[in-house]
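Just remember that my numbering sits 468 ahead of the position in the sequence shown, which is counted from 1.
Where is the CB? At the ideal position from N, CA and C, for every residue including glycine.
Below is one structure, written out as C-alpha coordinates, with a few remarks after it.
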Amino acid sequence: AVIGDVLFDAAHNPDGMKALVDYLELAKLTAVRMVFGVVGDKCWQEMIKLIAPRVSEWHLVRPMSSRALELAKVADFISCGEIKSAPVKIYSDGVESLIASMQSSSYHGLTLVAGSIYLTGAVRYQLVNEDRPLWSRIK
469 AVIGDVLFDA AHNPDGMKAL VDYLELAKLT AVRMVFGVVG DKCWQEMIKL
519 IAPRVSEWHL VRPMSSRALE LAKVADFISC GEIKSAPVKI YSDGVESLIA
569 SMQSSSYHGL TLVAGSIYLT GAVRYQLVNE DRPLWSRIK
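This is how it looks when you write it as C-alpha coordinates:
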(Lines of atoms letter the chains of each structure in order from A; the text may use other names.)
(Lines give C-alpha, C1' and ligand atoms only; values in the text may rest on other atoms or scores of the structure.)
Protein backbone atom coordinates (compact mmCIF):
# COMPACT_ATOMS: atom_id res chain seq x y z
CA ALA A 469 0.00 0.00 0.00
CA VAL A 470 1.12 3.54 -0.68
CA ILE A 471 1.59 5.80 2.31
CA GLY A 472 2.60 8.91 0.40
CA ASP A 473 5.35 11.33 1.31
CA VAL A 474 6.66 11.24 4.88
CA LEU A 475 8.74 14.03 6.40
CA PHE A 476 10.66 13.17 9.55
CA ASP A 477 11.77 16.10 11.67
CA ALA A 478 13.57 16.01 15.01
CA ALA A 479 11.55 19.00 16.28
CA HIS A 480 11.10 18.19 19.97
CA ASN A 481 10.95 21.67 21.49
CA PRO A 482 9.38 25.02 20.55
CA ASP A 483 12.46 26.31 18.71
CA GLY A 484 12.63 23.15 16.59
CA MET A 485 8.90 23.29 15.91
CA LYS A 486 9.16 26.95 14.89
CA ALA A 487 11.91 26.06 12.40
CA LEU A 488 9.71 23.26 11.04
CA VAL A 489 6.74 25.60 10.69
CA ASP A 490 8.97 28.09 8.86
CA TYR A 491 9.99 25.33 6.43
CA LEU A 492 6.35 24.29 5.86
CA GLU A 493 5.48 27.93 5.14
CA LEU A 494 8.39 28.27 2.71
CA ALA A 495 7.37 25.04 0.96
CA LYS A 496 3.72 26.18 0.91
CA LEU A 497 2.57 23.08 2.81
CA THR A 498 -0.66 23.94 4.56
CA ALA A 499 -2.47 20.72 5.46
CA VAL A 500 -0.38 17.84 6.75
CA ARG A 501 -1.19 14.62 8.52
CA MET A 502 0.69 14.99 11.80
CA VAL A 503 2.13 12.02 13.65
CA PHE A 504 2.94 13.40 17.08
CA GLY A 505 4.15 12.18 20.42
CA VAL A 506 6.16 13.96 23.08
CA VAL A 507 7.90 13.48 26.38
CA GLY A 508 6.33 15.25 29.32
CA ASP A 509 9.21 17.54 30.23
CA LYS A 510 9.01 19.49 26.95
CA CYS A 511 6.93 22.62 26.29
CA TRP A 512 4.53 20.47 24.32
CA GLN A 513 1.53 22.83 24.45
CA GLU A 514 3.58 25.55 22.77
CA MET A 515 4.79 23.06 20.15
CA ILE A 516 1.20 22.09 19.34
CA LYS A 517 0.09 25.71 19.12
CA LEU A 518 2.87 26.42 16.62
CA ILE A 519 2.14 23.51 14.26
CA ALA A 520 -1.66 23.26 14.65
CA PRO A 521 -2.60 25.76 11.91
CA ARG A 522 -0.93 23.47 9.35
CA VAL A 523 -2.42 20.17 10.60
CA SER A 524 -5.37 18.54 8.85
CA GLU A 525 -5.42 15.46 11.10
CA TRP A 526 -3.55 14.36 14.23
CA HIS A 527 -2.21 10.84 14.80
CA LEU A 528 -0.93 10.52 18.36
CA VAL A 529 1.59 7.83 19.29
CA ARG A 530 3.39 7.47 22.60
CA PRO A 531 7.18 7.66 22.22
CA MET A 532 9.15 4.76 23.66
CA SER A 533 10.34 6.63 26.74
CA SER A 534 9.47 6.44 30.42
CA ARG A 535 9.01 10.22 30.21
CA ALA A 536 6.41 10.02 27.44
CA LEU A 537 3.32 12.14 27.95
CA GLU A 538 -0.02 10.37 28.10
CA LEU A 539 -1.78 10.55 24.74
CA ALA A 540 -5.16 11.41 26.28
CA LYS A 541 -3.62 14.55 27.78
CA VAL A 542 -2.30 15.61 24.37
CA ALA A 543 -5.66 14.83 22.71
CA ASP A 544 -7.54 16.82 25.35
CA PHE A 545 -5.32 19.83 24.75
CA ILE A 546 -5.74 19.61 20.97
CA SER A 547 -9.52 19.36 21.37
CA CYS A 548 -9.88 22.14 23.97
CA GLY A 549 -10.85 24.78 21.42
CA GLU A 550 -7.84 26.97 22.13
CA ILE A 551 -6.17 25.92 18.87
CA LYS A 552 -7.30 25.11 15.32
CA SER A 553 -9.42 21.99 15.47
CA ALA A 554 -8.54 18.89 13.44
CA PRO A 555 -9.53 15.23 13.89
CA VAL A 556 -7.47 13.32 16.47
CA LYS A 557 -6.72 9.59 16.44
CA ILE A 558 -4.88 7.90 19.31
CA TYR A 559 -2.71 4.82 18.73
CA SER A 560 -2.39 3.52 22.28
CA ASP A 561 -0.95 0.22 21.09
CA GLY A 562 2.00 1.84 19.34
CA VAL A 563 3.75 2.51 16.09
CA GLU A 564 2.75 -0.77 14.42
CA SER A 565 -0.95 0.09 14.52
CA LEU A 566 -0.17 3.59 13.22
CA ILE A 567 1.68 2.14 10.23
CA ALA A 568 -1.16 -0.31 9.52
CA SER A 569 -3.65 2.54 9.64
CA MET A 570 -1.52 4.69 7.35
CA GLN A 571 -1.19 1.86 4.85
CA SER A 572 -4.93 1.28 4.72
CA SER A 573 -5.77 5.00 4.44
CA SER A 574 -6.72 6.74 1.22
CA TYR A 575 -4.72 9.81 2.31
CA HIS A 576 -1.85 10.59 -0.07
CA GLY A 577 -0.65 14.00 1.10
CA LEU A 578 2.32 14.77 3.29
CA THR A 579 2.66 12.95 6.61
CA LEU A 580 4.81 14.78 9.13
CA VAL A 581 6.41 12.92 12.04
CA ALA A 582 7.73 15.14 14.85
CA GLY A 583 7.56 15.95 18.55
CA SER A 584 9.98 13.33 19.80
CA ILE A 585 13.21 11.93 18.43
CA TYR A 586 12.21 8.59 20.00
CA LEU A 587 9.02 8.63 17.94
CA THR A 588 10.59 9.68 14.63
CA GLY A 589 13.17 6.91 14.96
CA ALA A 590 10.56 4.26 15.71
CA VAL A 591 8.25 5.28 12.84
CA ARG A 592 11.15 5.50 10.40
CA TYR A 593 12.34 2.05 11.46
CA GLN A 594 8.89 0.55 10.82
CA LEU A 595 8.54 2.22 7.42
CA VAL A 596 12.04 1.43 6.17
CA ASN A 597 12.01 -2.00 7.84
CA GLU A 598 15.77 -2.44 7.79
CA ASP A 599 17.99 -3.67 10.58
CA ARG A 600 20.98 -1.61 9.47
CA PRO A 601 21.25 2.00 10.63
CA LEU A 602 21.00 4.59 7.87
CA TRP A 603 24.57 5.78 8.41
CA SER A 604 25.96 2.28 7.68
CA ARG A 605 24.69 2.53 4.07
CA ILE A 606 26.61 5.72 3.33
CA LYS A 607 29.81 4.99 1.41
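Look at residue 551 here: in three-state DSSP terms it is coil, with no helix or strand label. For the 7 Å CB-CB criterion, residue 581 and residue 476 form a contact. Taking 7 Å as the cut-off, the beta carbon of residue 575 is found no closer than this to the beta carbon of residue 529.
By the CB criterion at 7 Å, residue 482 and residue 505 fall outside the cutoff. In terms of Cβ geometry, residue 527 and residue 507 do not form a close pair [threshold 7 Å]. The beta carbon of residue 577 lies closer than 8 Å to those of 472, 473, 499, 500, 501 and 524 in the same chain, with the five residues before and after it left out.
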